[in-house]
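Residues in the sequence shown are numbered consecutively from 1, following the UniProt record's numbering.
So the structure is just underneath, and the comments pick up after that.
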Amino acid sequence: MNLEKLLTQWNDLIPTLQALNVAYLGVTTGIFETLHTQGKLSIESLEEKTGIESEYLKRFCMAAYAFDFLDKTEALYSLAPLGQLFVDENTKQKALPAAFQSVFYPLMTSQILKFAKTGGHLHTFPPFEDPGVFPWMWAMMEHKFSSLFLNEVLPKIPFIEEIDRQGGVVVDIGCGNGWLLRNLAKRFTKLKGIGIDVSREGVEQAQALSIGQKERLQFIFADFFACSLPPKVSLFTFSRTLHHLWSEKSRLVEKLAAHLESDSKVLVWEPLWPEKLDYLKQDKLKPIAFQNLHENVEGNRLLGANEIEGFLEACGLSVQKFQLENGLDAIFVGTKG
Ligand SMILES: C[S@@+](CC[C@H](N)C(=O)[O-])C[C@H]1O[C@@H](n2cnc3c(N)ncnc32)[C@H](O)[C@@H]1O
């Protein structure tokens, strides 16, 4: 390894991080969206439409112009092709998670530092405290994982079609902003969904985003352990949630097992902790090491495949495992009998 070259590469990455931070501001202030829908605007009109204070707005526009997110003609700003990446339906699924993560990870890192000496935990999700930032965590999860769900996970659970035919109930435990159930309700016409989460922000977003699907989707702000469930649930889903509930595994097995019918299924989707430490050195697995580091802030850790299989078996289920193409995640399907 050429260390000099590596040091240069690290420093060369900084402008990219800065660009993503600028893009994050463009998205979260609504400036990109406003320019997308309105075309060219003066600073004064942009101030009026976004409510961003004029000095911050001017400096943002200059920075966004420098990083090629905005164009400027005379005194009017418009969205440049790079800025469009964050608003176009075809590209934002990849562009938004990059911008969001460029801001979230430093926040998580500062939380790690905060707790590193005392060993404390913050039992909330997202694991940082800035209320202006964390609503965007849900959007990040939605954009990062929706297409993976539709393209890779759904084909591996063909039984969902039968659940739909029967108008069955899917319970999403730790539903966040409800993207999984909203996607299911869009794709299938009869199944019903109940999402449960202890995050008030997550559930409020889920409720707001599912207004048009109210007949079939319900989102409940509650601790899963304290929440009553309908008499028959066809499918329980845990999308990146099982590791959050792991410290209460026995209670979880008890509650889940008590609600499983002869034809019930359980879907667990988790980033997998590898069997050997050496595997973490693979480029595609390095993010797992970082996630496991910051999961400690919430008192969680990532789970190995054998732990997840053991959990489902303890619920009385037989288990099928599928590795996803990203090499990081796997899904586990638990079937009764
Ligand atoms: C990593 S997030 C995943 C959110 C969502 N499933 C997704 O894929 O975007 C984990 C979620 O589990 C929720 N959670 C943790 N403990 C919970 C509990 N006891 N009951 C309900 N939800 C819980 C958190 O609030 C958080 O929204």
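C-beta atoms are modelled at their ideal positions from N, C-alpha and C, and glycine is treated no differently.
### Task
Could you spell out where the alpha helix (DSSP H) holding Q323 opens and where it closes?
No alpha helix (DSSP H) holds Q323; the beta strand (DSSP E) holding it covers L317 to Q323.
### Task
Check whether the Cβ of V198 sits closer than 8 Å to any heavy atom of ligand 2, and report yes or no.
Ligand 2 is not part of the structure shown, which contains ligand 1 as its ligands.
#### Entry: Sub-9 Å separation of V171 and I163 beta-carbons
no
### Query
According to DSSP, which residues form a beta bridge with P271?
D329
### Message
If I follow the unbroken alpha helix (DSSP H) through Y77, where does it start and stop?
### Response
Y77 -> not in any alpha helix (DSSP H); beta strand (DSSP E) instead, spanning L76 to L79.
### Query
Sorry if obvious, but does the Cβ on G299 come closer than 8 Å to a heavy atom of ligand 1?
no
### Task
Return yes when at least one heavy atom of ligand 1 lies under 8 Å from the C-beta of M108, else no.
no
### Task
Within its chain, find whatever has a CB closer than 7 Å to the CB of L260; leave out the 5 residues flanking it on each side and keep chain order.
C315, G316 and K336
### Query
Considering only residues of the same chain and omitting the five flanking positions on each side of I157, which have a CB-CB separation below 7 Å?
L267 and V333
### Message
For ligand 1, I want to know if R182 counts as a neighbour, meaning its beta carbon is within less than 8 Å of at least one of the ligand's heavy atoms.
### Response
no
### Query
Within the present structure, is the beta-carbon of A19 separated from the nearest heavy atom of ligand 1 by less than 8 Å?
no
### Query
Thinking just about the alpha-carbon of each residue, which of G193, E325 and P126 is nearest to the one in S210?
G193
### Query
Start and end of the alpha helix (DSSP H) containing residue 341?
Within the shown structure, residues of the chain are numbered from 1 to 337, placing residue 341 beyond reach of any answer.
### Task
Return the Cβ separation of F67 and V103 in integer angstroms, given the expectation that the two are a contact with Cβ distance under 8 Å.
Not quite, the Cβ-Cβ distance comes to about 15 Å (not below 8 Å), so this is no contact.
### Task
Please look up how many angstroms separate the CB atoms of A75 and S54, rounded, as I've assumed it's under 8 Å.
In fact, because the Cβ distance is near 13 Å, the residues do not count as touching under 8 Å.
### Message
Buried or exposed, going by whether 16 or more other CB atoms sit within 10 Å of the CB of T237?
### Response
buried
### Query
What is the DSSP secondary structure of F236, counted as helix, strand or coil?
strand
### Task
Would you grab the beta carbon distance between residue 344 and M140 for me? Rounded to a whole angstrom, and I think it's under 8 Å.
Summary: the structure shown does not reach residue 344, with the chain confined to residues 1 through 337, and so no result is reported for it.
#### Entry: Of the residues E309, F60 and E295, the one placed nearest Y105, counting alpha carbons only
E295
### Task
Assign A19 to one of two classes, buried (16 or more other C-beta atoms within 10 Å of its C-beta) or exposed (fewer than that).
buried
### Query
How about the segment 224-236 and the segment 199-214: do they share at least three Cβ pairs that are nearer than 8 Å?
no
### Query
Residues in its own chain within less than 8 Å of N292 by CB, not counting five upstream and five downstream?
W273, R301 and L302
### Query
So what's V198 in DSSP terms, helix, strand or just coil?
coil
### Query
Is A289 closer than 9 Å to I308 when the C-beta atoms are compared?
no
#### Entry: Endpoints, the alpha helix (DSSP H) within which L217 is located
That residue, L217, is in no alpha helix (DSSP H); its beta strand (DSSP E) goes L217 to F221.
### Query
What residue range is occupied by the uninterrupted alpha helix (DSSP H) comprising T109?
E89 to A116
### Message
Are the CB atoms of E142 and K177 within a distance shorter than 9 Å?
### Response
Here residue 177 is Asn; the residue named in the question, Lys, does not match the sequence. A contact, by the Cβ cut-off of 9 Å.
### Query
Tell me which same chain residues have a C-beta within less than 7 Å of the C-beta of P97, skipping the five on either side of it?
M140, H143 and K144
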